[in-house]
Amino acid sequence: MRIRNLLSLSALAAVGIVASLGGSGTASADDRHHGPKPTVVLVHGAFADSSSWNGVVSRLQKRGFPVIAPANPLRGLSSDAEYLKRLLATISGPVVLVGHSYGGAVITNAAAGNPNVKDLVYVAAFAPEAGETALGLSSQFPGSTLGDALAPPVPLGDGTHDLYIRQDAFRDQFAADVPAAAAALSAATQRPIRDAALGEGSGTPAWKSIPSWFVLAGADRNIPIAAQKFMADRAGSRRTVTVEAASHSVAVSHPGAVADLIVEAATAN
């Protein structure tokens, strides 16, 4: 027991020496986090899929966080949120819930009333108030050019349609700061959103009761930067990071900035 105590004291002394010298041994925020790390759940938005989170996932995993990036059905806000609620119910322990674009509206609805969700992180995302729609929020401020970039709607037989971005317009509209080859792959594999989902009113917003954090994309052509700032301010964002030249695909082009804010949120409490 005496030897173990001496070893512990020696280790503490060594850490103190490194810190005083300003060396690389200084503990990071996630290293100082006590207890099990929360599970990070990443929810993609329209015209994307779970692979859009790959750069963020790899960085979080390297820092020891369990990560889930589920497929968002993109069929309707209430049904998509219900699907996510059921997934969250299978996760034990704390959760940091992250949404990109339309995925922000989904997490806003899915997290309400779930005590395990400790933080919400919005990445170039919608954070609607009750009754608001993604379509309404994106058109409330000037700057979105999404309508002009859409391909002919695909009828679904019930009066609604699936929406895609034209492949020739995808990079400029959605991923202007992503390498051309990667943007072309994303354009070819994009998942459509049902138009009714964009026009469905939101329920009670979880950001009124759960701390929120925001990454804003300064060169976003889907959700105008003014709309993003408006939603972040209204939600009382704990910290807002603006990536000035980022496209709507900010999690692809700047995964480090997105991962860093998620870790900050996960270790804040």
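No gaps in the numbering here: position 190 of the sequence shown is 1638 in my numbering, and each next residue is one more.
Glycine included, C-beta positions come from ideal geometry on N, C-alpha and C.
#1: Do H1696 and S1549 come within 9 Å of each other at the CB atom, strictly closer than that value?
#2: Would you give the residue range spanned by the alpha helix (DSSP H) that L1522 belongs to?
#3: Taking the straight line between their C-alpha atoms, what separation do you get for A1560 and T1637?
#4: Ordered along the chain, which non-local residues of its own chain (more than five positions away) have a Cβ less than 7 Å from that of T1652?
#5: By alpha-carbon positions, which one of P1486, Y1570, R1669 and V1691 ends up nearest to Q1623?
#6: Grouping DSSP H, G and I as helix and E and B as strand, with all else coil, what is I1673?
#7: Inspect the beta-carbon positions of A1572 and A1716 and report whether they are closer than 9 Å.
#8: Should K1510 be labelled buried (16 or more other beta-carbon atoms within 10 Å of its own) or exposed?
#9: What three-state label does DSSP hand K1566 in the structure shown?
#10: If you drop the 5 nearest sequence neighbours on each side, which residues of the same chain put their C-beta closer than 6 Å to that of I1539?
#11: Suppose you measure from the CA of F1574 to the CA of S1506; what does that come to, to the nearest Å?
#12: Tell me S1549's beta-bridge partners as DSSP assigns them.
#13: Pull up the DSSP beta-bridge partners for L1391, would you.
#14: Take the Cβ of L1585 as the centre, count every other Cβ of all protein chains shown within 10 Å, and call the residue buried at 16 or more, exposed below.
#15: Run through the DSSP bridge pairs and tell me what H1609 is partnered with.
#16: Helix, strand or coil for F1622? Go by DSSP, reduced to three states.
#17: Quick check on DSSP: helix, strand or coil for S1660?
#18: Considering just the uninterrupted stretch of the alpha helix (DSSP H) at T1637, what are its terminal residues?
#19: Note the first and the last residue of the continuous alpha helix (DSSP H) segment covering D1708.
#20: Can you give the Cα-Cα distance for P1627 and L1598, rounded to whole angstroms?
#21: Could you tell me whether the Cβ atoms of L1532 and P1518 are closer together than 9 Å?
To lay it out plainly:
#1: yes
#2: Segment: none, L1522 is in no alpha helix (DSSP H) and carries neither H nor E.
#3: So the alpha carbons of these two residues sit roughly 31 Å apart.
#4: Here the set comprises A1560 and A1578.
#5: The sequence given here places Ala at residue 1623; Gln does not occur at that position. Considering only alpha carbons, the answer is R1669.
#6: helix
#7: Contact flag unset, no.
#8: K1510 counts as exposed, since fewer than 16 other C-beta atoms from the protein chains shown sit within 10 angstroms of its C-beta.
#9: strand
#10: T1487
#11: 24 Å
#12: A1573
#13: One cannot answer for residue 1391 here, as it falls past the ends of the chain, which runs 1449 to 1717.
#14: buried
#15: P1603
#16: helix
#17: Here S1660 sits in strand by DSSP.
#18: A1628 to T1637
#19: P1703 to A1714
#20: 21 Å
#21: yes
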